[in-house]
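J.: Under our numbering, the first residue of the sequence shown carries the number 4, and numbering increases by one thereafter. Glycine is no exception: its CB is placed at the ideal position from the N, C-alpha and C atoms. Got a structure for you, questions after.
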Amino acid sequence: MCGIIGITQKNPDNLMEKLYQSLKRLEYRGYDSVGFAVLSQGNSIRISKNKGKVDEVARQTDFSLMKGTTGIGHSRWATHGAPTKENAHPHTDCQGNIAVIHNGIISNFLQLRKELSQKGHIFTSETDTEVVPHLLEDLLKQGKTMKEALFELATILGGAYALVVIYTNEQDTIYCMKKENPLILGITKDESYAASDIPAFLPYTREAVTLRDDELAILQPGKYVIFNVKTKEVVNRKPHRITWTPDAAQKGGFPHFMLKEIHESGQVLRTQLASEIPNIEHIVQAILEADNIITMAAGTAFYASLTTQYLFQQTFGKIVIPTIASEYETVLPIINDNSVVIAVSQSGETIDTIKAVKEAKQKGAKVIAIVNVVGSTITRIADHVVYIQAGPEIGVAATKTYLAQVFAIWRIYHQALIKTNKQTLAQQLQEAIQNVPDEIERIVRNDEAKARDIAKKIQHAQSAFYLGRGINLTTALEGALKLKEISYIHAEAYPAGESKHGPIALIHQNYPIVFIAPNDNTREKIIGNIMEMKARGAYTIGIIEENDQELKQILHQYFEINPKYSKQLQNIPYQIPLHLIAYYTATSKGHDPDYPRNLAKSVTVE
Ligand code: F6R
Numbered sequence: 004m005c006g007i008i009g010i011t012q013k014n015p016d017n018l019m020e021k022l023y024q025s026l027k028r029l030e031y032r033g034y035d036s037v038g039f040a041v042l043s044q045g046n047s048i049r050i051s052k053n054k055g056k057v058d059e060v061a062r063q064t065d066f067s068l069m070k071g072t073t074g075i076g077h078s079r080w081a082t083h084g085a086p087t088k089e090n091a092h093p094h095t096d097c098q099g100n101i102a103v104i105h106n107g108i109i110s111n112f113l114q115l116r117k118e119l120s121q122k123g124h125i126f127t128s129e130t131d132t133e134v135v136p137h138l139l140e141d142l143l144k145q146g147k148t149m150k151e152a153l154f155e156l157a158t159i160l161g162g163a164y165a166l167v168v169i170y171t172n173e174q175d176t177i178y179c180m181k182k183e184n185p186l187i188l189g190i191t192k193d194e195s196y197a198a199s200d201i202p203a204f205l206p207y208t209r210e211a212v213t214l215r216d217d218e219l220a221i222l223q224p225g226k227y228v229i230f231n232v233k234t235k236e237v238v239n240r241k242p243h244r245i246t247w248t249p250d251a252a253q254k255g256g257f258p259h260f261m262l263k264e265i266h267e268s269g270q271v272l273r274t275q276l277a278s279e280i281p282n283i284e285h286i287v288q289a290i291l292e293a294d295n296i297i298t299m300a301a302g303t304a305f306y307a308s309l310t311t312q313y314l315f316q317q318t319f320g321k322i323v324i325p326t327i328a329s330e331y332e333t334v335l336p337i338i339n340d341n342s343v344v345i346a347v348s349q350s351g352e353t354i355d356t357i358k359a360v361k362e363a364k365q366k367g368a369k370v371i372a373i374v375n376v377v378g379s380t381i382t383r384i385a386d387h388v389v390y391i392q393a394g395p396e397i398g399v400a401a402t403k404t405y406l407a408q409v410f411a412i413w414r415i416y417h418q419a420l421i422k423t424n425k426q427t428l429a430q431q432l433q434e435a436i437q438n439v440p441d442e443i444e445r446i447v448r449n450d451e452a453k454a455r456d457i458a459k460k461i462q463h464a465q466s467a468f469y470l471g472r473g474i475n476l477t478t479a480l481e482g483a484l485k486l487k488e489i490s491y492i493h494a495e496a497y498p499a500g501e502s503k504h505g506p507i508a509l510i511h512q513n514y515p516i517v518f519i520a521p522n523d524n525t526r527e528k529i530i531g532n533i534m535e536m537k538a539r540g541a542y543t544i545g546i547i548e549e550n551d552q553e554l555k556q557i558l559h560q561y562f563e564i565n566p567k568y569s570k571q572l573q574n575i576p577y578q579i580p581l582h583l584i585a586y587y588t589a590t591s592k593g594h595d596p597d598y599p600r601n602l603a604k605s606v607t608v609e
């Protein structure tokens, strides 16, 4: 969703270049238009904005005319109003003295717009955001300071927002206010930053302060002060040190972030493994004692969360209800103070998941969050946080973070096995956990070329199926989502047994079907499914156990996985070939896998 950067610094020479570079680093969030505003000498605001990519809009902008020490930049993901120059942020008041950028949705904007228009305000866009500068203009006219005006604004605005405001009367100041959408401050001796996500300012500082809901921050070069907008009191919050390195947010020689992130998957799991999960005793106890376990997540994170059901329901007989976060209302009636909610989210900022978790918490549930971004909203709601430690993920389509989420769930399960004295199972799993980072790296190394070949073969397909059974249904679901997201080939995943009950009608000559076929109790049935599909002309690709001669004979193409993972951690190594197939199919078709159309990295609207 929308990318936000605000910078106020002492150096007047490189502000525009830094705003531009920061927006480039936020491109992964997904956007359709771009804008910059700089407070320039002579008390005016200079604005450049248009629809298009950051580079295109930067090319249309004369950086030399936009000199200053304080400025803002925005990449817009259209919600209210088409992607046009007029609707691009920043938006200003009637006099052009206030410039505002925004991520989120102002829910009562229609009413506010009507009232402001009746007072004579002229609107130049269709956006909900534009009410903000006009409201501020009105409040300032009443003699309020900008700080007082923003306190008042917080009582007027409905919905969700991360707002960043500059004002001609205060040349070295940026105002930021947030409710439900993320804003993070970055601080150095001479500079202050406000951004929707850490990579925006990562090359400049690793000292960050996470703004919380209903807070206003006033930034000046090297300084910040935070207020609670309800109490109007100062909030003391020291910066925390970001452990991500600036390199982690660069492509590092790979053509795309997505490929780099697939290659990082093994190392990510190794990093996660290097530290114990804090409070694991309490987490395991809560899960084992709960009446029911509800998972809340969206998209890829939802598929990762399904792992919980296969592990805790099957081994421990716990009732596990995987829930798509936006459908949380269906499970609310069964949530009580003996429920455990496991929220899975890479960003920790997905609005659907935040809402679901808040409601569950109100009903007394204990919340365990499995999250990547430190200090994000969901981590502050949760009772316990398990950080997946995957580093920044820039590719819009999740890859390494999916594996790190699934891995975290397996690690929690491992601790539950130990706690319940299931020693043999625990020992087998322990060995697999230790070795899986190496296996992932082996698969990536060995199978990349094959994935590229298969991609060439399937790139012209209209549609594809991914079929799996048991825990590897998660693998199939995630594989299909990835293919459809970045290659725009329609792909569906089904429990393989279900494929006969309708989907098989679509099969024709060369119809691609990916089967997840480990050597476990699902194997014989999967072979039956492969034969059915092959008999109807399907092009069959299998992810199989190493040296499974029978399957090698039957399938058109196959990837081989070490037997160790046929019964442990299955849905981790079995996923890797599918991430590679999706990546190479997208690139074979000439699509940029890092920025798939219509998608945003962190979905902050309902
Ligand atoms: C797909 C993808 C999305 C996210 C979903 C939830 O590749 O990345 O489906 O998984 O939007 O995002 P988080 O995990 O940030 O809550």
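How is the alpha helix (DSSP H) around Ser591 delimited, first residue to last?
T.: Element bounds for Ser591: 579-591.
J.: Compare the Cα-Cα distances from Tyr23 to each of Gly6, Gly531, Lys13, Ile371 and report the closest residue.
T.: Comparing Cα positions, the closest option is Gly6.
J.: So does the region 532-548 actually touch the region 558-575, counting three or more Cβ pairs closer than 8 Å?
T.: At 8 Å Cβ cutoff, the stretches touch.
J.: Evaluate Val447 with the Cβ neighbour count: other Cβ atoms within 10 Å of its Cβ, from every protein chain shown; 16 or more gives buried, anything less gives exposed.
T.: Buried, by the Cβ-count rule.
J.: Which runs of the alpha helix (DSSP H), 4 residues or longer, sit entirely within the region 398-481?
T.: Counting only runs of 4 or more, we get 403-422, 426-461.
J.: How about the region 223-230 and the region 52-65: do they share at least three Cβ pairs that are nearer than 8 Å?
T.: These segments do not touch.
J.: From which residue to which residue does the alpha helix (DSSP H) around His285 run?
T.: Residues 283-292.
J.: Verify whether the separation of the beta carbon atoms of Thr82 and Val41 is less than 9 Å.
T.: It is not a contact, given that the beta carbons lie outside the stated cut-off.
J.: What are the uninterrupted segments assigned as alpha helix (DSSP H) that are 4 or more residues long and contained completely in the region 494-529, given in chain order?
T.: For the region 494-529, not a single whole alpha helix (DSSP H) run of length 4 or above is found.
J.: For the ligand F6R, I want to know if Val389 counts as a neighbour, meaning its beta carbon is within less than 8 Å of at least one of the ligand's heavy atoms.
T.: Result no, Cβ not under 8 Å from the ligand F6R.
J.: What did DSSP end up calling Gly76 once you bin it into helix, strand or coil?
T.: It is a strand residue.
J.: Could you give the C-beta distance for Ile109 and Tyr164, rounded to a whole number, given that I count them as a contact under 8 Å?
T.: Yes, Ile109 and Tyr164 are in contact; Cβ-Cβ is about 7 Å, under 8 Å.
J.: Nearest by alpha-carbon distance to Ser502: which of Thr525, Pro515, Asn532 is it?
T.: Considering only alpha carbons, the answer is Asn532.
J.: When the distance is taken between beta carbons, is Ser25 closer than 9 Å to Phe319?
T.: Result no, Cβ atoms of Phe319 and Ser25 do not sit closer than 9 Å.
J.: In or out: Ala566 buried (at least 16 other Cβ within 10 Å) or exposed?
T.: First, the amino acid is wrong: residue 566 is Pro here, not Ala. With fewer than 16 Cβ atoms within 10 Å of its Cβ, Pro566 is classed as exposed.
J.: Figure out for me which residue from Glu118, Ile492, Ile510, Ser569 has the closest Cα to the Cα of Lys592.
T.: The shortest Cα separation from Lys592 among Glu118, Ile492, Ile510, Ser569 belongs to Ile492.
J.: Taking 8 Å as the cut-off, does the region 276-296 touch the region 414-423 (at least 3 CB pairs, one atom from each stretch)?
T.: The answer is yes - the region 276-296 touches the region 414-423, with three or more Cβ pairs under 8 Å.
J.: Quick one: using the 10 Å Cβ neighbour count with 16 as the cut-off for buried, is Pro136 buried or exposed?
T.: With 16 or more Cβ atoms within 10 Å of its Cβ, Pro136 is classed as buried.
J.: Less than 9 Å between the beta carbons of Tyr514 and Ser569, yes or no?
T.: No, Cβ-Cβ distance for Tyr514 and Ser569 is not below 9 Å.
J.: Would you tell me roughly how many angstroms separate the C-alpha atoms of Pro249 and Gly394, rounded to the nearest one?
T.: Pro249 and Gly394: Cα-Cα distance of roughly 10 Å.
J.: Where does Tyr23 fall in DSSP's three states?
T.: Helix at Tyr23.
J.: Quick one: is Pro610 buried, meaning 16 or more other Cβ sit within 10 Å of its Cβ, or exposed?
T.: Examination of residue 610 is not possible in this model, given that the chain is present from 4 through 609 alone.
J.: Could you say which of Phe410, Asp450, Lys422 lies nearest to Ile436 if we only look at CA atoms?
T.: Cα-wise, what sits closest to Ile436 is Phe410.
J.: If we call anything under 9 Å between Cβ atoms a contact, is Ala301 one with Val606?
T.: Closer than 9 Å, so yes.
J.: With respect to 8 Å, is the separation between the Cβ of Gly367 and the closest non-hydrogen atom of the ligand F6R below this value?
T.: Not under cutoff, so the answer is no.
J.: Report the residue from Gln512, Ile290, Ile101 whose alpha carbon sits nearest the alpha carbon of Gln174.
T.: Closest option to Gln174, Cα to Cα, is Ile101.
J.: On the criterion of 16 or more Cβ atoms from any shown chain inside 10 Å, does Leu113 qualify as buried, or is it exposed?
T.: With fewer than 16 Cβ atoms within 10 Å of its Cβ, Leu113 is classed as exposed.
J.: According to the neighbour-count rule (16 or more other Cβ atoms, all chains shown, within 10 Å of its Cβ), is Asp456 buried or exposed?
T.: Exposed, since its Cβ has fewer than 16 Cβ neighbours within 10 Å.
J.: If you check the beta carbons only, do Ile177 and Leu222 fall under 9 Å apart?
T.: Cβ distance < 9 Å, so Ile177 and Leu222 count as in contact.
J.: Would you give the residue range spanned by the alpha helix (DSSP H) that Gln253 belongs to?
T.: Run containing Gln253: none; DSSP gives neither H nor E here.
J.: Examine the ligand F6R and report whether any of its heavy atoms sits within less than 8 Å of the Cβ of Val103.
T.: No - the ligand F6R has no heavy atom lying nearer than 8 Å to the Cβ of Val103.
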